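Throughout the sequence shown, residue numbering follows mature numbering (1 follows the signal peptide of the UniProt record, and there is no 0), covering -19 to -1, 1 to 121 in sequence.
Beta carbons are placed, not taken as given, at the ideal position from N, Cα and C, and that holds for glycine.
Being a predicted model, the structure only gives us computed values, none of them experimental.
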Amino acid sequence: MIGLVLALATLLTTLSAQHDDEPVVFAPTSAAEVRDSYDLGAGELLVDLSRVEDVEGLEGRVVTIDAALGELEVVVPEGMDVSVEATTGIGGVELFGDETGGVGGMREALLDGGEDVPDMRILIDLGVGQVTVREAGEQR
């Protein structure tokens, strides 16, 4: 057990030394600009979809986000159905205001945007850190 803890500490030190202190931000303004996947080794990543003007273009889209170490935040547009599946090794997960933390696990949440609205799915895989997914306008 001590060996596992030391190996994890070494990995975290190595990964944190390799990342830039500046957050990586993606803020597309159209559905066509939204990537199918976002990847980050270590650091902070913000995927802000709240500025997408043609949300109907996100209908049926699946967006994946993968990172080894860090903080991931996703802001989804208002007026959409959004299902989220977040898997973490160690860390916290906050999906639409519902927060949990710990070692390993998968969490799912669904944001109901109303009747006859577009729907999308977000899949997140984070090794160590914090995941936050919130609707635009929701206070952080």
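Please name the residue, chosen from the options, that lies closest to residue i on a Cα-to-Cα basis.
i     : options                        : result
Glu80 : Val98, Asp106 and Val114       : Val114
Gly94 : Gly70, Gln111 and Val63        : Val63
Arg32 : Gln111, Val55, Glu89 and Gly78 : Val55
Asp2  : Ala23, Gly118 and Val15        : Ala23
Classify residue i: buried if its beta carbon has 16 or more other beta carbons within 10 angstroms, exposed otherwise.
i        : result
Val6     : exposed
Val84    : exposed
Val109   : buried
Thr69    : buried
Ile105   : buried
Leu(-16) : Low local confidence applies: a pLDDT of 42 at Leu(-16) is under 50, so the model's placement there is unreliable, with the coordinate-based value given in what follows. So Leu(-16) counts as exposed.
Met87    : exposed
Starting from the C-beta of residue i, find all residues in its chain whose C-beta is less than 6 Å away, skip the five residues before and the five after it, and write them out in chain order.
i     : result
Leu39 : Ala12, Pro99 and Met101
Val43 : Arg102
Glu75 : Thr113
Gly82 : Gly73
Leu91 : Ser64
So if DSSP puts residue i in a beta bridge, which residue, or which two residues, is it bridged to?
i     : result
Leu53 : Leu26 and Val112
Glu89 : Glu66
Ala48 : Leu21 and Leu107
Leu76 : Asp79 and Val114
In angstroms, rounded to a whole number, what distance separates the CA positions of residue i and residue j?
i      : j      : result
Leu50  : Ala8   : 21 Å
Pro58  : Ala67  : 18 Å
Glu52  : Leu107 : 9 Å
Glu34  : Leu27  : 18 Å
Ala117 : Leu30  : 8 Å
Excluding sequence positions up to five away, which residues of its chain have a Cβ less than 8 Å from the Cβ of residue i?
i     : result
Thr10 : Arg32, Val33 and Glu34
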